[in-house]
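Peer 1: Questions regarding the structure given below will be posed in turn.
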Amino acid sequence: MASSTSGGGARHRLRGWLLEGLTDMAKRQPGPHAEPEGVHEGRPWWRVMCLTGLDYFSTLGYQPGIAALAAGLLSPLATVVLVVVTLVGALPVYRRVAEESPHGQGSIAMLERLLTFWKGKVFVLTLLGFAATDFLITITLSAADATAHLVENPHFTSALKGHEVAVTLILVGLLGAVFLKGFTEAIGIAVVLVAVYLLLNAIVVAVGLWHVWTAPQVIPDWSRALVAERGSPLVMIGVALVIFPKLALGLSGFETGVAVMPHIEGKPGDTPERPAGRIHGARKLLTTAAVIMSVFLITSSFITTLLIPQREFEPGGRANGRALAYLAHEYLGSAFGSVYDASTIAILWFAGASAMAGLLNLMPRYLPRYGMAPHWARAVRPMVLVFIAIAFLVTWIFKANVDAQGGAYATGVLVLITSAAIAVTIAARRARQRRWTVGFGVIAAIFLYTTAVNVIERPDGVKIGACFIAGILAVSLLSRVARAFELRVTSVTFDPLAERFIRDTAHRRIRFIANQPERRDLVEYRDKQHQIRADNDIPPEDDIIFVEVTVADPSEFESDLRVCGEVLHGRYRVLTLQSATIPNALAALLLWVRDMTGQRPHIFEWTEGHPLAHFLRFFLFGQGEVAPVTREVLREAEPDRGRRPHVHVG
368 MASSTSGGGA
378 RHRLRGWLLE
388 GLTDMAKRQP
398 GPHAEPEGVH
408 EGRPWWRVMC
418 LTGLDYFSTL
428 GYQPGIAALA
438 AGLLSPLATV
448 VLVVVTLVGA
458 LPVYRRVAEE
468 SPHGQGSIAM
478 LERLLTFWKG
488 KVFVLTLLGF
498 AATDFLITIT
508 LSAADATAHL
518 VENPHFTSAL
528 KGHEVAVTLI
538 LVGLLGAVFL
548 KGFTEAIGIA
558 VVLVAVYLLL
568 NAIVVAVGLW
578 HVWTAPQVIP
588 DWSRALVAER
598 GSPLVMIGVA
608 LVIFPKLALG
618 LSGFETGVAV
628 MPHIEGKPGD
638 TPERPAGRIH
648 GARKLLTTAA
658 VIMSVFLITS
668 SFITTLLIPQ
678 REFEPGGRAN
688 GRALAYLAHE
698 YLGSAFGSVY
708 DASTIAILWF
718 AGASAMAGLL
728 NLMPRYLPRY
738 GMAPHWARAV
748 RPMVLVFIAI
758 AFLVTWIFKA
768 NVDAQGGAYA
778 TGVLVLITSA
788 AIAVTIAARR
798 ARQRRWTVGF
808 GVIAAIFLYT
818 TAVNVIERPD
828 GVKIGACFIA
838 GILAVSLLSR
848 VARAFELRVT
858 SVTFDPLAER
868 FIRDTAHRRI
878 RFIANQPERR
888 DLVEYRDKQH
898 QIRADNDIPP
908 EDDIIFVEVT
918 VADPSEFESD
928 LRVCGEVLHG
938 RYRVLTLQSA
948 TIPNALAALL
958 LWVRDMTGQR
968 PHIFEWTEGH
978 PLAHFLRFFL
988 FGQGEVAPVT
998 REVLREAEPD
1008 RGRRPHVHVG
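Written as structure tokens, this is what we have:
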């Protein structure tokens, strides 16, 4: 007996630990019960930049090698094209996204407003699938590249070679452990990692530039080889433009930068609706990160192309996926190279932290609100376990191979940037900003081209993204079905006339008739009242109040309920409501009336037709099997049958 009690207590403590903060997080979700957001809370933008920089700056660990492998001797010019697209294209787009969506939802929230009903939900879920691809592959690819740096270090090659999958799984598991423990100090860790990593990279780049400068033959040799290989400068530019889509990983930090916006502190004049201080900080974050990264991308691509033999960039070569680390060992010695490796391994491992923060901020803002995730999806720790489990699976499937995951990573990044460019183009057009509309339209076209080329050349990225999308759609659909009978009304408010109707009947038996409004003429209400009285033996002198629910957007899960009263044809009292579903609205009304009056109200409904067809109508359109579903919603909301309102089915 004691053992059973102890086991139950342990399970209770485990549940409490997993769901810690669930109530507080739920209150921070958009909705009528959301508490005012602490817009002044947070941290300085430059510290948050280090959090998103974990993802963005860490690409220096592999981007120069990818550029050299894709473009060869043309790598520096192709990287310049990437930088131009970054500063002239992606940066203005995401500065506008930060202004339009300052709470971390990103461009998805902007596009969500354009579509309604189920097509809007499916569209958002599709974009969430690509976002999940981007963020989750960030976790697995970064951990895999950290493993590559660890295995290639001269001190560990013999011991770790062949164990890449196991090492990567350990790194992913450690990242999950950080989030399970708590993430309060993560930004502080990020600041240290980013500062050290950028300093070491600056040293490597400076030494590399010095070697290029002091070896007069290097630049002329490269120039002659480039002309012999590509011909005229126009051909070089054209080839660089064609190659650019292969370098898209260098754009990976922008979506993460917007996702972590809630961590940026605001200013005294900020409001939850318009946090101007946070927006200003986010724009400085995006600009500063883009400029720093652009400088490093160009210089690192230049020195790695000129100083490293092309064969070393090939799979199996010592510079494959770790070009700057190769230079660190080659020109600064094994000791400095090992320190550089350790810094690179640390930032690549922790790069998944910014992606995890993005996931934990993004997913709970949509799926629970759509009813497409269980309640515990608003808690941090269960979601961390889910994401880490998926990361384990992805690592195992791709065998911790960086190149194999590159296509999926690039696809996720490009789809999100393209959607952002389209969103800001539409926003500028609606604001009648013609120049911005044209400019953003051109940027959107460039990213559409880039995405299309990437998909054609690396279709595996779309296939992986499609798996994530299919998984999200399947889980969302099953969750929505499982939660169909929840009481999904967040609040109930009555206008003065509706309150008067309830007060007038509070001392008598309260009877409602659920009526589907059609013509709303005298004959409709007279015949309906006569039918209900005859079917249920209700005396003529007893009060009856009609209730009419209008379905607004049946794809919404939660909604407020405003009850309005009106008197029609001089004698019929009618309560009108607007909700996502009829049964849930009726159930919420009955429970509210019971709590207000202390009486168990009666409602008279009816149902005809095939049950399955009615359920599908209820699930998709918020109406159909009204009477049984209303009773089921009440049964789940009020387990005590003695306190449950009465539902009469005719």
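Residue 368 is where the sequence shown starts when you use this note's numbering, and the numbers rise one by one after that.
Note that beta-carbon positions come from the ideal geometry of N, C-alpha and C, so glycine has one too.
Quick caveat: nothing in here was measured; it's all calculated off a predicted structure.
(1) Note down the Cα distance separating His400 from Arg929, rounded to an integer number of angstroms.
(2) Can you give me the start and stop residues for the beta strand (DSSP E) that Arg961 sits inside?
(3) Counting C-beta neighbours from all protein chains within 10 Å, is the total for Trp763 16 or more, i.e. buried, or is it exposed?
(4) Would you check if the distance between the CB atom of Val782 and the CB atom of Phe807 is smaller than 9 Å?
(5) When you compare each of Glu519, Ala515 and Arg961 to Thr872 by their alpha carbons, which one comes out closest?
(6) Should Glu1003 go down as buried or exposed, given a rule of 16 or more other Cβ atoms within 10 Å for buried?
(7) Determine whether the Cβ of Val761 lies closer than 9 Å to any Cβ atom of chain B.
(8) Would you check if the distance between the CB atom of Phe717 and the CB atom of Leu421 is smaller than 9 Å?
(9) Roughly how many whole angstroms lie between the Cα atoms of Gln396 and Glu622?
(10) Who pairs with Tyr698 in a beta bridge, going by DSSP?
(11) Quick check: what's the CA-CA separation for Val534 versus Arg678?
(12) Taking all protein chains shown into account, do 16 or more other C-beta atoms lie within 10 angstroms of the C-beta of Ala595, making it buried, or fewer, making it exposed?
(13) Give the C-beta separation of Phe703 and Pro443 to the nearest angstrom, bearing in mind that I take them to be a contact with Cβ-Cβ under 8 Å.
(14) Under 8 Å: do the region 450 to 469 and the region 687 to 695 share three or more Cβ pairs, one atom per stretch?
(15) Take Glu531 as the anchor and find which of Ala767, Arg748, Gly473 and Phe502 has the nearest alpha-carbon.
(16) According to the neighbour-count rule (16 or more other Cβ atoms, all chains shown, within 10 Å of its Cβ), is His874 buried or exposed?
(17) When the Cα atoms are used, what is the spatial distance from Glu853 to Val1000?
(18) With DSSP as the reference, identify every bridge partner of Ala881, one or two as the case may be.
(19) Would you kindly work out how many angstroms separate the C-alpha atoms of Ile631 and Gly409, rounded to a whole number?
(20) Taking contact to mean at least 3 C-beta pairs separated by less than 8 Å, is the region 636 to 643 in contact with the region 651 to 663?
(21) Could you tell me if Lys895 is buried or exposed, where buried requires 16 or more neighbouring beta carbons within 10 angstroms of its beta carbon?
(22) Who are the Cβ neighbours of Thr514 in its own chain at under 7 Å, not counting the five residues just before and after it?
(23) Hey, is the region 485 to 493 in contact with the region 803 to 819, meaning 3+ C-beta pairs nearer than 8 Å?
(24) From which residue to which residue does the beta strand (DSSP E) around Gln584 run?
(25) Tell me where the beta strand (DSSP E) around Tyr892 begins and ends.
(26) In three-state DSSP terms, what is Phe852?
(27) Identify whether Phe1018 lies in helix, strand or coil by the three-state DSSP scheme.
Peer 2: Reading it off the structure:
(1) Position 33 of the sequence shown, counted from the start, is the residue given in the question as residue 400. Position 562 of the sequence shown, counted from the start, is the residue given in the question as residue 929. Confidence at His400 is low in this model, with a pLDDT of 31, below 50, so its placement is unreliable and the value that follows should be read with caution. Their backbone Cα atoms lie some 15 Å apart in a straight line.
(2) The count along the sequence shown starts at 1 and reaches residue 961 at position 594. Note, Arg961: premise wrong, no beta strand (DSSP E); alpha helix (DSSP H) at Ile949 to Thr964.
(3) Locating residue 763 in the sequence shown gives position 396, counting from the first residue. Around the beta carbon of Trp763, a 10 Å sphere encloses fewer than 16 other beta carbons of the protein chains shown; the residue is thus reported as exposed.
(4) The count along the sequence shown starts at 1 and reaches residue 782 at position 415. The count along the sequence shown starts at 1 and reaches residue 807 at position 440. Going by C-beta atoms, Val782 is not nearer than 9 Å to Phe807.
(5) As a position in the sequence shown, residue 872 is number 505, starting the count at 1. Among Glu519, Ala515 and Arg961, the Cα nearest to that of Thr872 is on Arg961.
(6) For the purposes of this step, residue 1003 is identified with residue 636 of the sequence shown, where counting begins at 1. Per the 10 Å Cβ criterion, exposed.
(7) The structure shown contains no chain B, having only a single protein chain.
(8) Working through the sequence shown from its first residue, we reach residue 717 at position 350. Working through the sequence shown from its first residue, we reach residue 421 at position 54. Cβ atoms of Phe717 and Leu421: closer than 9 Å.
(9) Looking up residue 396 in the sequence shown gives position 29. Looking up residue 622 in the sequence shown gives position 255. Note on Gln396: pLDDT 37, under 50, position unreliable in the model; no value is reported.
(10) Locating residue 698 in the sequence shown gives position 331, counting from the first residue. Among the bridge pairs identified by DSSP, Tyr698 is matched with none.
(11) Residue numbering aside, residue 534 sits at position 167 when the sequence shown is read from its first letter. Residue numbering aside, residue 678 sits at position 311 when the sequence shown is read from its first letter. Taking the CA atoms as reference points, Val534 sits about 27 Å from Arg678.
(12) Within the sequence shown, the letter at position 228 stands for residue 595. Counting every other CB atom within 10 Å of its CB across the protein chains shown gives Ala595 a total below 16, marking it as exposed.
(13) One-based indexing of the sequence shown puts residue 703 at position 336. One-based indexing of the sequence shown puts residue 443 at position 76. 25 Å between Cβ atoms; not a contact.
(14) Short answer: they don't touch.
(15) Residue 531 sits at position 164 when you count from the first residue of the sequence shown. The residue with the shortest Cα to Cα distance from Glu531 is Ala767.
(16) Translated into positions along the sequence shown, residue 874 becomes position 507. With fewer than 16 Cβ atoms within 10 Å of its Cβ, His874 is classed as exposed.
(17) Residue mapping note: residue 853 aligns to position 486 of the sequence shown, counting from 1. Residue mapping note: residue 1000 aligns to position 633 of the sequence shown, counting from 1. Looking at the two C-alpha atoms, the distance is approximately 6 Å.
(18) Numbered from its first residue, the sequence shown carries residue 881 at position 514. Ala881 is bridged to Val914.
(19) Taking the sequence shown and counting its residues from 1, the one referred to as residue 631 is at position 264. Taking the sequence shown and counting its residues from 1, the one referred to as residue 409 is at position 42. Approximately 5 Å between the Cα atoms of the pair.
(20) Contact between the region 636 to 643 and the region 651 to 663 is absent, because fewer than three Cβ pairs lie under 8 Å.
(21) On the sequence shown, residue 895 is found 528 positions in, with the first residue counted as 1. Residue environment analysis places Lys895 among the buried positions, since at least 16 neighbouring C-beta atoms fall within 10 angstroms of its C-beta.
(22) For this step, residue 514 is matched to residue 147 along the sequence shown. Result list for Thr514: Glu531, Val534, Thr535, Leu538 and Ala767, in chain order.
(23) Below 8 Å, too few C-beta pairs join the region 485 to 493 and the region 803 to 819 to call them touching: fewer than three.
(24) Looking up residue 584 in the sequence shown gives position 217. Careful: Gln584 lies outside any beta strand (DSSP E) and carries neither H nor E.
(25) Indexing the sequence shown from 1 puts residue 892 at position 525. Not the beta strand (DSSP E): Tyr892 falls in the alpha helix (DSSP H), residues Leu889 to Asn903.
(26) By one-based count along the sequence shown, residue 852 stands at place 485. For Phe852, the secondary structure class from DSSP, reduced to helix, strand or coil, is coil.
(27) Past the edges of the chain, shown from 368 to 1017, lies residue 1018, and the structure says nothing about it.
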